Each structure stands twice: as C-alpha cells, then as structure tokens.
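J.:
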Amino acid sequence: MEKKKIQTDKEGKELRQPLDGKFPIAAEFQKLSYYAYGLCISHWHPEMELLVVTEGALEQRIGEETHMIRENEGVFINSHVMHGARMVNREDCSYRVIRFEPALLGGNAKSLIYEKYVKTLQSQKDLLYRIVRPEDIQQRRMIDLIYKITDTYVKREVCYELKVQQMMLELWELLYKRTGHVEENAIQMNRELYKIQDALAYIQMYYKNPMTLEDIAGACMLSKSSCCRLFKKVFRQSPMEYVTSYRIQQSFMLIADDRYSITEIAYESGFTNSSYFTEMFRKVIGMTPTQYKKEICGK
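Going by the UniProt record's numbering, the sequence shown runs without a break in its numbering and finishes at 299.
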C-alpha cells in the first residue's frame, strides 16, 4: 500500500478536500504505519479535531509541546493549531480521528449556541488543546463518545447524521464544562508559535535552493540561537535537520516516478549532489533511495 503523505502550503496549512458543508464532519480509523516512517508531519487546518488512541501510543506534537497519548486516551485540538504525530519506539499506533467544523455544533455564526458555547472556545487563542484521560466519569464519557461517533459515522446506518450530531453536542458540552473559565485554565500559547509558521513557510517555499541557518532565522525574525531553540522545542530537530527531513520527504513522490534519475531527484529536492542525497536519505530513512523505491514503492 502506498504510504500517505500530508500535503501543506507554504504556511503549513494542510491541503485536502474540505468537509461537506451540509454535514461538516469526517471520522475515520487510522494507523501511523499508513504514513511514511510512521510520521504525520506538523500541519494545521481550520477544522477542530478529536483523537483517541485505540492501540499502542503516539507522540503528539501541539504547538511547542509534546505529549504521549496512550491507549484509551484522547486529545482535542482547536482550529488553526499546528500539530503532528509520530510513532513511539518505532511501534505502530492505531487511533480514531474526527475532524469537524463549528457549524456542526452551533449552526450559523449568529446563533445563540455558537456565540455562547462554540465561539468562546474556538476563538480562545490560549486554548490550543485539551488532553482527555479516563481519570473521571466525564473524561471517560468523552472517550466513549469518540468511539461511538466514529462507529456511527463509518457504518452510516439510517439517521446516522442525527445520532452523530447528538453525540457531538454531548461531547462538546462535556468539553465546555471541563474547560470551565478558559481564562483560568488556559494553556499558555507562546508567541513563538507564529514564528515557527514563518520559518516553515520559508522552508517550504525555498527548499530547492541553498539554505542556511541564518536564512531561516531571518525569515522568522529570530537570532540563530533562538531559532535553534525553537526548532528543538517544536520538532526535536535543529533547523537544518528539519530542512533535510523536509527535502527527503519531498523526494518520495519523485522516487516513485520512473521518469526521474537519482541525480535529478536530488537536485529537485534541494540537495547539491546525488551522493549527499543518498547519504542523508540512508541516515534518515534507514535505506538508500534505490532500496526505498524497490521495497516501499514496489519498483
């Protein structure tokens, strides 16, 4: 099976088909092994997201923070928040994920439900996420609802839309009550989150060109040392390590295309020569581009 790859624009926004405006929700079963080397790269989208781990564990990155989400634990991620995930100790992780637009809960933007219960959380800039663990009845119910919502959505039996919306409203009520006064319980959102988006936009726009740490730091208006600290916090990589990983990720589709030689792929992906490309590819992926083409792409 061909590995999934999250496509993003220059600002890190995920490029994918939008939800159906008539019923703006999507739920699915996922595994990290569906993605190349178990990595769901950092991205953001306007929809909110709910996730529960059903088997194994994953390392969830949200903004500048990293959390271990284990079996029967979940997370709510607010809209427009940078997030990603990867395997723990290279072991696969199964999970269920729900993406939805606020309109599913509150209807139009002028409704009382939206103004009072949805907008207050969605627009709260300090509320990046909430971890959900089965420590009390309310959180256990939230996790149970994520299971039931995904099952109901996937089966699509008669009146499933009504049942899904009903359960989503119950889940949102629990989340709203648990969050309480957001101002008191909010997670501190560091301004550096916006800096990392500027850096990612620069990398994604110019990755084919020669690039230095000074270039990346300048793009997000940070000193080189601050830029390095920021990348270490968010990605656990230096800026240049991130650039190398990003370039290698861009090479996957080219490797699967028989029209390109290794030398051409190297240059198209931003590497100065094929030898260095092969060396870095082996270091990051654990095999050469040629081996990857044979084992992963089946060519």
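Using N, Cα and C, we set each Cβ at its ideal position, and we do this for glycine too.
Values in this document were obtained by computation on a predicted structure and should not be read as measured data.
If you draw a straight line from the alpha carbon of K148 to that of K116, how long is it in whole angstroms?
T.: Looking up residue 148 in the sequence shown gives position 148. Looking up residue 116 in the sequence shown gives position 116. Their Cα atoms are separated by approximately 26 Å.
J.: Who are the Cβ neighbours of H83 in its own chain at under 8 Å, not counting the five residues just before and after it?
T.: Indexing the sequence shown from 1 puts residue 83 at position 83. Result list for H83: S42, H43, W44, E49, Q60, R61, I62, G63, I77, Y129, in chain order.
J.: What first and last residue would you give for the alpha helix (DSSP H) that runs through M87?
T.: As a first step, residue 87 is located in the sequence shown; it is residue number 87 there, counting from the start. Unbroken run through M87 is the beta strand (DSSP E), 83-87; no alpha helix (DSSP H).
J.: Measure the C-alpha to C-alpha separation of F231 and G270 and round it to an integer number of angstroms.
T.: Within the sequence shown, the letter at position 231 stands for residue 231. Within the sequence shown, the letter at position 270 stands for residue 270. When rounded, the distance between both Cα atoms is 20 Å.
J.: Would H181 be called buried (16 or more neighbouring beta carbons within 10 Å of its own) or exposed?
T.: Taking the first residue of the sequence shown as 1, we reach residue 181 at position 181. Confidence at H181 is low in this model, with a pLDDT of 47, below 50, so the placement of that residue is unreliable and no value is reported for it.
J.: In the DSSP output, which residue or residues are listed as bridge partners for F76?
T.: Locating residue 76 in the sequence shown gives position 76, where the first residue counts as 1. According to DSSP, which records beta bridges pairwise, F76 is partnered with L50, R130.
J.: Between the C-alpha atoms of D92 and V75, what's the straight-line distance to the nearest angstrom?
T.: Walking along the sequence shown from the start, residue 92 turns up at place 92. Walking along the sequence shown from the start, residue 75 turns up at place 75. One C-alpha to the other measures close to 18 Å.
J.: Would you mind reading off the limits of the alpha helix (DSSP H) that contains Q138?
T.: Sequence index remark: in the sequence shown, residue 138 carries index 138 (1-based). First-last of the alpha helix (DSSP H) with Q138: 137-155.
J.: At what residues does the alpha helix (DSSP H) containing I248 begin and finish?
T.: For the purposes of this step, residue 248 is identified with residue 248 of the sequence shown, where counting begins at 1. 239-255 is the span of the alpha helix (DSSP H), which, as asked, contains I248.
J.: Contact defined as beta carbons within less than 8 Å: I believe M205 pairs with K10. What is the distance between those atoms, to the nearest angstrom?
T.: Within the sequence shown, numbered from 1, the residue matching residue 205 stands at position 205. Within the sequence shown, numbered from 1, the residue matching residue 10 stands at position 10. About 5 Å separates the two Cβ atoms, so the contact holds.
J.: Using the beta-carbon count (16 or more within 10 Å), is C220 buried or exposed?
T.: As a first step, residue 220 must be located in the sequence shown, where it is residue number 220. Per the 10 Å Cβ criterion, buried.
J.: Quick check: the Cα distance between Y202 and E14, rounded to an integer number of angstroms?
T.: Along the sequence shown, read from residue 1 onward, the residue named residue 202 stands at position 202. Along the sequence shown, read from residue 1 onward, the residue named residue 14 stands at position 14. Cα to Cα, Y202 sits roughly 16 Å from E14.
J.: For R99, does the count of other Cβ atoms within 10 angstroms reach 16, so buried, or fall short, so exposed?
T.: Reading the sequence shown from its first residue, position 99 is the one you call residue 99. That one is buried.
J.: Out of curiosity, what's the CA-to-CA distance linking Q166 and L175?
T.: Reading the sequence shown from its first residue, position 166 is the one you call residue 166. Reading the sequence shown from its first residue, position 175 is the one you call residue 175. Cα to Cα, Q166 sits roughly 14 Å from L175.
J.: Assign K294 to buried or exposed, taking buried as 16 or more other Cβ atoms, counted over all protein chains shown, within 10 Å of its Cβ.
T.: Your numbering for residue 294 matches position 294 in the sequence shown. That one is exposed.
J.: Here's the rule: buried if 16 or more other CB atoms are within 10 angstroms of the residue's CB, otherwise exposed. What is G21?
T.: Position 21 of the sequence shown, counted from the first residue, corresponds to residue 21. It counts as exposed.
J.: Three-state secondary structure (DSSP) at A186?
T.: Within the sequence shown, numbered from 1, the residue matching residue 186 stands at position 186. With a pLDDT of 41 at A186, under the threshold of 50, the predicted position of this residue should be treated as unreliable, and no value is reported.
J.: With DSSP as the reference, identify every bridge partner of I285, one or two as the case may be.
T.: Here the question's residue 285 lines up with position 285 in the sequence shown. BP columns for I285 are empty, so no partner.
J.: So is A109 buried or exposed if we call it buried at 16+ other beta carbons inside 10 Å?
T.: Position 109 of the sequence shown, counting from 1, holds the residue named residue 109. With fewer than 16 Cβ atoms within 10 Å of its Cβ, A109 is classed as exposed.
J.: So, are the CB atoms of E101 and P24 less than 9 Å apart?
T.: Counting from one through the sequence shown, the residue named residue 101 turns up at place 101. Counting from one through the sequence shown, the residue named residue 24 turns up at place 24. Going by C-beta atoms, E101 is nearer than 9 Å to P24.
J.: Would you say K5 faces chain C, with C-beta separation under 9 Å as the test?
T.: The displayed structure is made up of one protein chain only, and chain C is not part of it.
J.: Quick check: what's the CA-CA separation for L127 versus K177?
T.: Taking the first residue of the sequence shown as position 1, residue 127 is located at position 127. Taking the first residue of the sequence shown as position 1, residue 177 is located at position 177. For L127 and K177, the distance between alpha carbons rounds to 14 Å.
J.: Which value, in whole angstroms, describes the spacing of the CA atoms of T179 and E279?
T.: The count along the sequence shown starts at 1 and reaches residue 179 at position 179. The count along the sequence shown starts at 1 and reaches residue 279 at position 279. In a straight line, the C-alpha of T179 is about 48 Å away from that of E279.
J.: Between which two residues does the beta strand (DSSP E) harbouring T66 extend?
T.: One-based indexing of the sequence shown puts residue 66 at position 66. Here the beta strand (DSSP E) through T66 covers 65-70.
J.: Determine the contact status of F235 and K3, defining contact as a CB-CB distance below 9 Å.
T.: Mapped onto the sequence shown, residue 235 falls at position 235. Mapped onto the sequence shown, residue 3 falls at position 3. For F235 and K3, no; Cβs fall outside 9 Å.
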